[in-house]
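Numbering (this note's numbering), first residue to last: 25 to 180.
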Ligand code: RP5
């Protein structure tokens with residue numbers, strides 16, 4: 025598999041890192057090259073725009089975006105790329121993450137974001153692995169082994 029990142033993880037704030045690092049850990053486990061950047065669509069809109077517009081030419085296959093509160097990061101990225109974008113609503117101290125969930129999942133027609141549950145960074149990474157597995161037999165094999173292991177319960 026390529027050594028260049030195949031999955032990008034964008035995080036809306038350093039305060040969201042503990043949640044999104046769980047996605048990084050899963051990608052490590054599946055030996056999928058990835059990168060993680062803290063980038064707010066509200067505070068760093070130009071950087072987010074540049075990242076999304078160039079992601080495809082840099083060889084990324086999927087982008088995971090995690091943000092809380094008025095969580096527009098995944099939607100902003102999805103607006104600028106045809107790569108699959110997976111949104112992780114991060115549960116903040118207020119409203120229990122329902123605000124981020126609605127902001128991430130309620131995209132307009134034409135601009136989908138594959139949204140996982142609140143703080144469900146593990147599932148976001150697994151979904152990214154499953155997308156990659158379409159073209160990477162090694163990743164598919166590891167996913168099969170992982171699925172079989174789930175019968176004994178989820179082990180981080
Ligand atoms: C969102 O606002 C971030 O994703 C974060 O979840 C929340 C609070 O960010 P900070 O003010 O803690 O940086 O944009």
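Beta carbons are placed, not taken as given, at the ideal position from N, Cα and C, and that holds for glycine.
Since the model is a prediction, treat every value here as computed from it, not as a measurement.
Does DSSP put residue i in a helix, in a strand, or in coil?
i, result
"residue 79", "coil"
"residue 139", "strand"
"residue 27", "coil"
"residue 116", "coil"
"residue 55", "coil"
"residue 61", "strand"
"residue 35", "strand"
"residue 91", "strand"
What residues in its chain sit with their C-beta under 7 Å from that of residue i, if we drop five residues either side in the sequence?
i, result
"residue 136", "102"
"residue 163", "54, 56, 153, 156, 157"
Does the Cβ-Cβ distance between residue i and residue j come in under 8 Å?
i, j, result
"residue 36", "residue 90", "yes"
"residue 149", "residue 51", "yes"
"residue 62", "residue 100", "no"
"residue 84", "residue 31", "yes"
Considering only residues of the same chain and omitting the five flanking positions on each side of residue i, which have a CB-CB separation below 6 Å?
i, result
"residue 29", "57, 58, 59"
"residue 41", "35"
"residue 176", "none"
"residue 111", "89, 98, 128, 137, 139"
"residue 151", "110"
Compute every distance between the C-beta of residue i and the non-hydrogen atoms of the ligand HEM, then say whether any falls below 7 Å.
i, result
"residue 40", "For the structure depicted, the ligand HEM is absent and the ligand set comprises only the ligand RP5."
Could you tell me the alpha carbon to alpha carbon distance between residue i and residue j, rounded to whole angstroms?
i, j, result
"residue 88", "residue 116", "18 Å"
"residue 132", "residue 166", "35 Å"
"residue 130", "residue 173", "33 Å"
"residue 70", "residue 46", "26 Å"
"residue 43", "residue 93", "14 Å"
"residue 161", "residue 168", "10 Å"
"residue 107", "residue 48", "19 Å"
"residue 134", "residue 67", "25 Å"
Keeping to the same chain, check which residues put their C-beta closer than 8 Å to that of residue i; ignore five residues upstream and five downstream.
i, result
"residue 105", "76, 77, 79, 80, 87"
"residue 27", "57"
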